[in-house]
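Have a look at the structure below before the remarks.
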Amino acid sequence: MAELRMREALRDAMAEEMRRDEGVFVMGEDVAVFQGAFKVTEGLLEEFGERRVRDTPISENTIVGTGVGAAMGGLRPVVELMTVNFSLLALDQIVNHAAAIPYMFNGQARVPMVIRMPGGGGHQLGPTHSHSLEALYLQVPGLLVACPSTPADGKALLKAAIRDDNPVIFIEHESLYGTRGEVPDEGDEVLRFGEAAVRREGSDVTIVGVLKMAQVAEQAATKLAHKHGVEAEVIDPRTLRPLDLDTILESVRKTNRAVIVEEGWPHGGVGANLATLITEQAFDHLDAPVQRVTGADVHMPYSKRLEQAAIPHEEHVVKAALATLEGAI
Amino acid sequence: MADLPDAAACYELLSRMALIRRFEEEAGRQYQRAKAGGFLHLAIGEEATIVGTTSVMRDEDFLIGTYRTHGHAIARGTDPKRVMAELFGKVDGTSGGRGGSMHIFDAENRFMGGYGVVGGNLPIAAGLGLASQYKGEDAVTVCMFGDGASNTGNFGETMNLAALWKLPVLFLVENNLYGMGTAVERHSAQTDLSKKAEGYGIPGARADGMDVLAVREAVAAGIQAAREEDRPTLLEVVTYRYRGHSAADPEVYREREEVEEWREKDPIESFARRCVEAGVLGEREVQQTREAAEAAVTAAVEFAEASPEPPLDTMYENLYAVSDSGAWYAVDERSPEPHRGEREEQMPAAARELAEAGAAYAEQPEEEPRPNPAVHGDAQDGVQSRVSPEHEVGSEAEDVRPEDERSPERAINTEDGD
Numbered sequence: 003m004a005e006l007r008m009r010e011a012l013r014d015a016m017a018e019e020m021r022r023d024e025g026v027f028v029m030g031e032d033v034a035v036f037q038g039a040f041k042v043t044e045g046l047l048e049e050f051g052e053r054r055v056r057d058t059p060i061s062e063n064t065i066v067g068t069g070v071g072a073a074m075g076g077l078r079p080v081v082e083l084m085t086v087n088f089s090l091l092a093l094d095q096i097v098n099h100a101a102a103i104p105y106m107f108n109g110q111a112r113v114p115m116v117i118r119m120p121g122g123g124g125h126q127l128g129p130t131h132s133h134s135l136e137a138l139y140l141q142v143p144g145l146l147v148a149c150p151s152t153p154a155d156g157k158a159l160l161k162a163a164i165r166d167d168n169p170v171i172f173i174e175h176e177s178l179y180g181t182r183g184e185v186p187d188e189g190d191e192v193l194r195f196g197e198a199a200v201r202r203e204g205s206d207v208t209i210v211g212v213l214k215m216a217q218v219a220e221q222a223a224t225k226l227a228h229k230h231g232v233e234a235e236v237i238d239p240r241t242l243r244p245l246d247l248d249t250i251l252e253s254v255r256k257t258n259r260a261v262i263v264e265e266g267w268p269h270g271g272v273g274a275n276l277a278t279l280i281t282e283q284a285f286d287h288l289d290a291p292v293q294r295v296t297g298a299d300v301h302m303p304y305s306k307r308l309e310q311a312a313i314p315h316e317e318h319v320v321k322a323a324l325a326t327l328e329g330a331i
Numbered sequence: 002m003a004d005l006p007d008a009a010a011c012y013e014l015l016s017r018m019a020l021i022r023r024f025e026e027e028a029g030r031q032y033q034r035a036k037a038g039g040f041l042h043l044a045i046g047e048e049a050t051i052v053g054t055t056s057v058m059r060d061e062d063f064l065i066g067t068y069r070t071h072g073h074a075i076a077r078g079t080d081p082k083r084v085m086a087e088l089f090g091k092v093d094g095t096s097g098g099r100g101g102s103m104h105i106f107d108a109e110n111r112f113m114g115g116y117g118v119v120g121g122n123l124p125i126a127a128g129l130g131l132a133s134q135y136k137g138e139d140a141v142t143v144c145m146f147g148d149g150a151s152n153t154g155n156f157g158e159t160m161n162l163a164a165l166w167k168l169p170v171l172f173l174v175e176n177n178l179y180g181m182g183t184a185v186e187r188h189s190a191q192t193d194l195s196k197k198a199e200g201y202g203i204p205g206a207r208a209d210g211m212d213v214l215a216v217r218e219a220v221a222a223g224i225q226a227a228r229e230e231d232r233p234t235l236l237e238v239v240t241y242r243y244r245g246h247s248a249a250d251p252e253v254y255r256e257r258e259e260v261e262e263w264r265e266k267d268p269i270e271s272f273a274r275r276c277v278e279a280g281v282l283g284e285r286e287v288q289q290t291r292e293a294a295e296a297a298v299t300a301a302v303e304f305a306e307a308s309p310e311p312p313l314d315t316m317y318e319n320l321y322a323v324s325d326s327g328a329w330y331a332v333d334e335r336s337p338e339p340h341r342g343e344r345e346e347q348m349p350a351a352a353r354e355l356a357e358a359g360a361a362y363a364e365q366p367e368e369e370p371r372p373n374p375a376v377h378g379d380a381q382d383g384v385q386s387r388v389s390p391e392h393e394v395g396s397e398a399e400d401v402r403p404e405d406e407r408s409p410e411r412a413i414n415t416e417d418g419d
């Protein structure tokens, strides 16, 4: 085991897969000479050269589309979009092409590609640079959606994503790149998609946290235990499509309460979706309405004060958890 | 004027063009019979552009096109039966009835797809070219798109990327003078589309798309540049479609005389005439190409009629590739139990019931034959505003207030102004 930052773990995942498979290559804006806007591709150009680590023009739809074509032609592109925000410029290629091609051509073509994109708020980047769009990609059949919160998961999920024969939306969080964590040394640590992690066991309330909010959920659980004597079970789904609903439902059947924490917008969000699934499939086990904690329904404001007010924090999660327990404690 | 190739090559060119013509005419007829659904974009008039191009491609080369590509697939070698079955939405169609007219695909013949979104195929072509180059293979990608696509962001982005990376791709604009119903001089500031190459530092060329030999010559040069020098070219081929943009096109944007003028330059008739006059083919052989086309298309319709409807249990097939490393499932949330979605036995009862209930609607017979929008004008109905002019927009509209789902019970302070 080694202690790595998230960005290093992701870099190692790409480097290992590139050593393993000649067809794997990386392309995106400033991924080669500049070594990545967030330094995730640091060192790749030096090791693998310009053929396999390719700087692209600022042309998001074409970057993704070129990846789609290269994947159909037998390669395994790892495409970096500088941020989730800019992925909106590539929605046509992601939704109408990458996701649809295997189905609409009845399996005659496959699109084994990974589209990496960091997102999230908290850096005073304002309305166009702070999106959390997990829910948007979650909606699209044909895509897989990963959202790792720890360096170990980041590495193992990215390796799995690169080996998978489907298009994968791989959402990273800008605030997590510096997070340190134990990561297994080089080997074949590949995490299967659709396996949630139970970060903390508890019997009073289930808290599901997505991406960075998995960490916030854990912090809230610690506070709930210390200050309120409440034992929360914290689940990090790690992938949203496929979703390990079984693990979540099993927990809810035990705790009879659920809180979902995400950074994205509330309407049609990950939480809205998951709350419905829980209500549909574990209604008889619920002792309280499912609670959602989400980002505010606004475009992310620049002002640090307003921005922090728009992002979910530990206190919000604690409050939502306690709300599910009203009258019970 | 390009020299005529030998008799066998002339016969082949003429046969392919005749087959596409006859196929498209029949597709139009089957659309009227409501055997083919959705949109139907016919390439009648554009046969020389298609056949001239494919006739100088190698088997290993890739062809990628638009939503008007029944003929492109057939020219590449796809059995017309399978294309017709796709139009009928049948299981033996090129995409098993999932793609329809706009999304023909044939991996075996390296026809890499019809694409429904204008310009959507351009970056994919660059990717196919990149894959060939990356693997050190000789294949060239020919990317065909319409004049309208030359205005999309994808066009500029892809030209730049392909030029920058020296990709072995020939970009071929099938300029049929209209982007749907908008004439080229009304949609493009530069009407000589080949000149759009200049900004990307790649060669631009123009050819007569009604002359199959001119197209052959120009495409061969572009392919050679791509194959031997890894150099992309933008080739504009000027052609014309006799039918509307799609079958639902009342053609209010052009005069009948214009269509007649172009029919005079018919690519099939003119080539047949030239072959006969030069003594390369006889009248009898020309007639044979027509008869062969007729027989092939009749067989295609019979085949498509007889082909079964796609079974409901195939609904989820190929949505995802289930690989060795991946242990995950297609999950249709309408059916609570996650299922693999690969085979009927794995399809949970709830999902099957939903599928069967929905499919029952497909069995309801059409009440009357599909009206021809060009004649009956129903395509124009949608253009008419359903809102009468005196009705003030917004007069009855509800005030839309920001609604933050995080706090359903809390009044939002933007209501103050009410």
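Top to bottom, those sequences are chains C and D.
Residue numbering for the first sequence follows this note's numbering, beginning at 3 and increasing consecutively.
Residue numbering for the second sequence follows this note's numbering, beginning at 2 and increasing consecutively.
Idealized CB from N, CA, C, for every residue including glycine.
Across the set C:197, C:208, C:149, C:201, the C-alpha of C:149 shows the shortest separation from the C-alpha of residue 179 (chain C). Interface residue (Cβ-Cβ distance to chain D less than 7 Å): residue 218 (chain C) is not classified as such. With respect to residue 171 (chain C), residue 103 (chain C) sits apart: the two C-beta atoms are not nearer than 7 Å. Of all residues in the region 29 to 46 of chain D, none places a beta-carbon less than 9 Å from a beta-carbon of chain C. Of D:24, D:13, D:275, D:4, the smallest CA-CA separation from residue 289 (chain D) is found for D:13. For the region 79 to 130 of chain C, the continuous alpha helix (DSSP H) assignments of 4+ residues that do not extend past its boundaries occur at 86 to 89, 103 to 106, in sequence order. Among the residues facing chain D, residue 98 (chain C) is included, as its CB has a counterpart in that chain under 7 Å away. With a threshold of 7 Å between beta carbons, residue 192 (chain D) makes no contact with chain C. Nearest to residue 176 (chain D) by C-alpha distance, out of D:209, D:317, D:154, is D:209. Counting only the Cα atoms, residue 63 (chain C) lies some 7 Å from residue 94 (chain C). Residue 282 (chain C): member of the alpha helix (DSSP H) spanning 272 to 284, first to last residue. Per the C-alpha coordinates, the member of C:234, C:3, C:303 positioned closest to residue 128 (chain C) is C:303. Taking all protein chains shown into account, residue 271 (chain C) has 16 or more neighbouring C-beta atoms within 10 Å of its C-beta and is therefore buried. The region 70 to 86 of chain D and the region 105 to 120 of chain D touch, with no fewer than 3 CB-CB distances between them shorter than 8 Å. Counted as a single uninterrupted DSSP element, the beta strand (DSSP E) harbouring residue 172 (chain D) occupies residues 170 to 176. Looking from the CA of residue 321 (chain C), the closest CA among C:282, C:68, C:230 belongs to C:230. With a beta-carbon spacing of about 7 Å, residue 197 (chain C) and residue 240 (chain C) fall inside the 8 Å limit used to define contacts.
Residue 139 (chain C) sits in a helix when the DSSP states are folded into three classes.
Near chain D, meaning a CB-to-CB distance below 7 Å, the residues of the region 99 to 111 of chain C are 99, 104, 105, 106, 107, 108, 109, 110, 111.
When Cβ-Cβ separations below 7 Å define contact, residue 153 (chain C) makes no contact with chain D. Annotation: the continuous alpha helix (DSSP H) that includes residue 322 (chain C) extends over 316 to 326. A straight-line Cα-Cα distance of about 36 Å links residue 326 (chain C) and residue 354 (chain D). In this structure, DSSP gives residue 235 (chain C) an extended state, which the three-state scheme calls strand.
Residue contact check for residue 19 (chain D) against chain C: no CB pair falls below 7 Å. Contacts with chain D at 7 Å (Cβ-Cβ) include residue 61 (chain C).
Three or more Cβ pairs drawn from the region 201 to 211 of chain C and the region 255 to 262 of chain C lie within less than 8 Å of each other, which places the two stretches in contact. Against chain D, a Cβ distance below 9 Å from residue 94 (chain C) picks out 118, 120, 121, 155. Residue 46 (chain D) is classed as buried because its beta carbon has at least 16 other beta carbons within 10 Å across all chains shown. For the set D:234, D:181, D:313, the Cα lying nearest the Cα of residue 202 (chain D) is the one of D:234.
Between residue 249 (chain D) and residue 34 (chain D), the alpha-carbon positions lie close to 14 Å from each other.
Below the 7 Å Cβ cutoff, chain D contributes 320 as neighbours of residue 143 (chain C), in chain order. With contacts defined by Cβ atoms closer than 7 Å, residue 123 (chain D) and residue 159 (chain D) form a contacting pair. Closer than 8 Å at the C-beta level to chain C, one finds no residue of the region 240 to 258 of chain D. At a cut-off of 7 Å between beta carbons, residue 325 (chain C) makes no contact with chain D. For residue 308 (chain C), the enclosing alpha helix (DSSP H) has its first and last residue at 306 to 312. In terms of CA proximity to residue 236 (chain C), C:200 leads the group C:200, C:214, C:41.
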